[in-house]
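Have a look at the structure below before the remarks.
Residue numbers (the working numbering): 212 to 433.
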């Protein structure tokens with residue numbers, strides 16, 4: 212792991228060189244409307260991009276999920292899934308126009324989840340430029356029927372039908388800045404219970420009225 216962390220800065224520089232490819236995938240796929248239950252055209256576009264990237268296998272399954280597979284070097288290692296949901300919350304069924312500037316990409320549903328699907332389509336080229344090869348099969352999938360009444364049907368049906376064991380999964384989700392709940396080593400997530408009781412030998416008949424006494428020890432803990 213350390214060797215990969217050490218070369219991350221060079222990864223950034225190499226990915227920046229294919230910025231136009233990534234942006235074009237986001238725009239090309241994102242401008243195709245894909246409300247839940249109506250993502251077929253977007254799925255076909257994504258599979259076409261997988262095919263152009265010369266993935267080992269690419270197909271739309273019986274549940275409407277576009278899938279691309281990069282075969283690993285080992286037949287013993289289990290598959291790794293990379294997933295970005297295909298459908299959007301937008302109910303608009305006509306194609307949209309995305310605006311691209313030097314700093315932003317703006318348009319309907321670009322942040323949920325069109326940008327992530329565009330990144331998914333770009334991963335084969337990113338892996339190629341970075342010289343990354345894997346022992347496990349890498350399965351790129353954009354499940355449909357995930358949002359609202361879809362209730363994750365696409366991914367649930369896919370996992371039920373998948374013929375081989377799955378080693379792990381990475382979910383891609385594009386969000387607006389500020390929506391993430393950041394976690395770091397400086398944050399401790401836990402539960403603090405503060406209980407204040409009167410001594411048995413000196414019962415306090417007004418202890419319910421004085422229940423605000425817990426505030427002082429609580430402030431001390433904070």
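Positions of the beta carbon are idealized from the N, C-alpha and C atoms, including for glycine.
Only a predicted model underlies this, so the values are computations on that prediction, with no experimental measurement involved.
**Proximity of residue 386 and residue 309 at Cβ, strictly below 8 Å** = no
**Prompt:** Do the stretch 255-262 and the stretch 270-287 make contact, defined as three or more Cβ pairs closer than 8 Å?
**Reply:** yes
**Residue closest to residue 327, alpha-carbon to alpha-carbon, out of 293, 246 and 356** = 293
**Message:** I need the boundaries of the alpha helix (DSSP H) containing residue 357, first residue and last residue.
**Reply:** Taken as a continuous stretch (DSSP letters only), residue 357 belongs to no alpha helix (DSSP H), as it is neither H nor E.
**Item:** Neighbourhood of residue 370 by C-beta, 8 Å cutoff - its chain only, sequence neighbours within 5 removed
**Value:** 377
**Prompt:** Do the CB positions of residue 353 and residue 297 come within less than 8 Å of each other?
**Reply:** yes
**Message:** For residue 368 and residue 282, what's the separation of their Cα atoms in angstroms?
**Reply:** 22 Å
**Close-in-space but distant-in-sequence residues of the same chain around residue 252 (CB under 7 Å, 5 per side omitted)** = 243
**Asked** If you count every other CB in all the chains shown that lies within 10 Å of the CB of residue 335, and 16 or more means buried, which is it?
**Response** buried
**Asked** Does the beta-carbon distance from residue 317 to residue 299 come in below 8 Å?
**Response** no
**Request:** Determine the closest residue to residue 312 out of 235, 360, 363 and 288, with distance taken between C-alpha atoms.
**Result:** 235
**Asked** Over what stretch of residues does the beta strand (DSSP E) that includes residue 377 continue unbroken?
**Response** 377-382
**Message:** Counting C-beta neighbours from all protein chains within 10 Å, is the total for residue 306 16 or more, i.e. buried, or is it exposed?
**Reply:** exposed
**Prompt:** Relative to the alpha-carbon of residue 215, which residue among 342, 304 and 233 has its alpha-carbon at the smallest distance?
**Reply:** 342
**Distance, residue 246 Cα to residue 301 Cα** = 6 Å
**Request:** To the nearest angstrom, report how far apart residue 324 and residue 382 are at their CA atoms.
**Result:** 11 Å
**Of the residues 291, 331, 337 and 406, the one placed nearest residue 373, counting alpha carbons only** = 291
**Item:** CA nearest to the CA of residue 284, picked from 359, 361, 349 and 406
**Value:** 349
**Item:** Residues of its chain near residue 363, where Cβ-Cβ distance is below 7 Å and the 5 sequence neighbours each way are ignored
**Value:** 357
**Request:** Give the single residue among 332, 250 and 346 whose Cα lies nearest to the Cα of residue 232.
**Result:** 332
**Asked** Going by beta carbon distance, what residues of the same chain come within less than 7 Å of residue 329, once the five residues before and after it are set aside?
**Response** 233, 236, 237, 240 and 241
**Request:** Count the other C-beta atoms from every protein chain shown that fall within 10 angstroms of the C-beta of residue 278, then say buried if there are 16 or more, exposed otherwise.
**Result:** buried
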